[in-house]
Amino acid sequence: MHILSAAQKSFFHENGYLVLEGFSTVADCQLLMRVAASWVEKLNPEREKAVFSTKNQGSTTQDYFLESGDKVRIFMEEEKAENGQSQVNKLGHALHQLDPIFKGFSHQKTTAIAKDLGMKEPVPIQSMFIFKSPKVGGEVNVHQDATFLYTEPVSVMGFWHALQDATLENGCLWALPGGHKLGLKSRFVRDGENGVRMDILDETPLPEAGFIPLEVPAGTLVLLHGLLPHYSDVNRSKKPRQAFTLHVIDDVTHYPENNWLKRSKSETFSHSNSETHLPNPS
Ligand code: FE2
């Protein structure tokens, strides 16, 4: 199965990203949001230990984060809502393995797209359901996904699914067209038994200018090259901006032991023949 046209492939290779509107149906988006909400309910008791920050991974939350690679865990916003209630930042990092709906979601199309873009044996390695709640949905600083999911050679590709409209107001993605050609700047690695550290590979900072907003309607898939610098702003609007993001690597590459995320034996993507069709939610 081939999904991408020659023009789409060359756009991705030139710019490091590709926007595919209408990839998922409204019903699929609504179903994924409902399933995520049920996980939040189930994980409610874990809330207090799960404040997530991209700026400061404090030691109290570090173990909870570092052990989440093959689990579904709940991470909370630093900022509370106006009514004082804490808000969910995200679920991570193995919904694609542990939840049947997320496991089945679009995996044949995802494999086909990854192969269209040059991957030999795509395997899903990590996923996140991002809530980006109204008023408090936190920013995600400029980064390259390969910093966190590194292979030799670099192969990670992000499949970012907008489940609700993503706009300037509610914190859409921003990307630096062509920025994937700048090389990898840093790696987030395990440091001894329990810690992590950031290794700087290239002191030259990423450019601050040139980023463009990717405002997209619900149902859009945004593909992100693993070296593409991208970020998203705080959501100060009244509308949420929920998204599901799946990261895929090429199984023919080397996955170093010191990546923060330990690989799980249950990655089955490339060897599975059946697509799980999402049930009709009505
Ligand atoms: Fe990212």
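Heads up, my numbering is the position in the sequence shown plus 79, with the first residue counted as 1.
For each residue, glycine too, the CB sits at the ideal point set by N, CA and C.
Alpha carbon to alpha carbon, how far is residue i from residue j?
| i | j | result |
| --- | --- | --- |
| GLU157 | SER212 | 12 Å |
| GLY171 | PRO179 | 15 Å |
| HIS81 | ALA191 | 6 Å |
| SER265 | GLY148 | 20 Å |
| TYR334 | MET207 | 20 Å |
| ASN162 | ASN314 | 17 Å |
| GLY101 | ASP244 | 12 Å |
| THR283 | ALA322 | 31 Å |
| LYS194 | LYS188 | 10 Å |
| LYS134 | ASP278 | Any reading at LYS134 must be qualified, since the residue scores a pLDDT of 48, below 50, and its modelled position is unreliable; no value is offered. |
| GLU218 | PRO256 | 20 Å |
| GLN136 | GLY183 | Here GLN136 scores only 48 on pLDDT, less than 50, and its place in the model is too uncertain to base an answer on. |
| LEU261 | LEU280 | 12 Å |
| PHE227 | LEU263 | 11 Å |
| GLU231 | GLU336 | 12 Å |
| PRO319 | TYR96 | 24 Å |
| HIS92 | ARG276 | 31 Å |
| PHE238 | PRO296 | 15 Å |
| SER165 | ASP142 | 21 Å |
| LEU111 | ARG152 | 16 Å |
| LEU340 | ARG269 | 9 Å |
| ASN220 | ALA86 | 30 Å |
| ALA254 | LEU247 | 13 Å |
| PHE267 | GLN176 | 23 Å |
| HIS186 | ALA106 | 17 Å |
| PHE90 | PRO286 | 21 Å |
| PHE290 | LYS88 | 21 Å |
| ARG113 | LYS150 | 19 Å |
| THR139 | GLU120 | Residue placement at THR139 is poorly supported in this model, since its pLDDT is 49, which falls under 50; the coordinates still yield a value, given next. Their Cα atoms are separated by approximately 23 Å. |
Hey, would you say residue i sits closer than 9 Å to residue j, going by beta carbons?
| i | j | result |
| --- | --- | --- |
| HIS259 | GLY305 | yes |
| ASP312 | GLY250 | yes |
| ILE402 | ARG342 | Beyond the ends of the chain as shown, which are 80 and 361, falls residue 402; an answer cannot be given. |
| LEU174 | MET236 | no |
| SER316 | LYS214 | yes |
| LEU242 | LEU293 | no |
| TYR229 | ASN94 | no |
Please name the residue, chosen from the options, that lies closest to residue i on a Cα-to-Cα basis.
| i | options | result |
| --- | --- | --- |
| LEU122 | VAL167, PRO319, ASN94 and LEU83 | VAL167 |
| LEU300 | GLN87, ALA86, HIS92 and SER103 | SER103 |
| ALA288 | ASP278, GLN176, VAL275 and TYR310 | TYR310 |
| LYS199 | PHE144, VAL233, GLU93 and SER185 | VAL233 |
| LEU83 | ARG113, LEU302, VAL119 and VAL275 | LEU302 |
| THR332 | VAL202, SER117 and VAL215 | VAL202 |
| ALA116 | LEU325, PHE181, VAL221 and GLU272 | PHE181 |
| VAL438 | LEU111, GLY298, GLU146 and GLN223 | Lying before the first or after the last residue shown, residue 438 is absent from the chain, which here runs from 80 to 361. |
| GLU108 | ASN338, LEU340 and THR324 | It should be noted that the sequence gives Cys, not Glu, for residue 108. Of the candidates ASN338, LEU340 and THR324, the one whose C-alpha sits nearest the C-alpha of CYS108 is THR324. |
| PRO308 | GLY271, PHE144, ILE291 and GLN223 | GLN223 |
| GLU272 | ASN94, GLU120, GLU146 and VAL105 | GLU146 |
| PHE154 | ALA225, TRP118 and PRO286 | TRP118 |
| HIS326 | PHE90, ARG113, VAL114 and ALA225 | ALA225 |
| GLY274 | LYS159, PHE144, GLU120 and LYS88 | PHE144 |
| ALA160 | GLU120, GLY216 and LYS150 | GLY216 |
(request) List in chain order: all unbroken alpha helix (DSSP H) runs of 4+ residues lying wholly within the region 169-197. (result) 174-177, 179-183 and 186-195
(request) Can you list the residues near the ligand FE2, meaning Cβ strictly closer than 6 Å to any non-hydrogen atom, in the order they appear in the chain? (result) HIS222, ASP224, GLY237 and HIS309
(message) Restricting to runs no shorter than 3 residues, where is the beta strand (DSSP E) found entirely within the region 247-326?
(response) 252-254, 265-270, 274-279, 291-293, 300-304 and 309-311
(request) Give, in chain order, every unbroken run of the beta strand (DSSP E) that is at least 3 residues long and sits entirely within the region 195-219. (result) Fully enclosed beta strand (DSSP E) runs of 3 or longer: 201-209.
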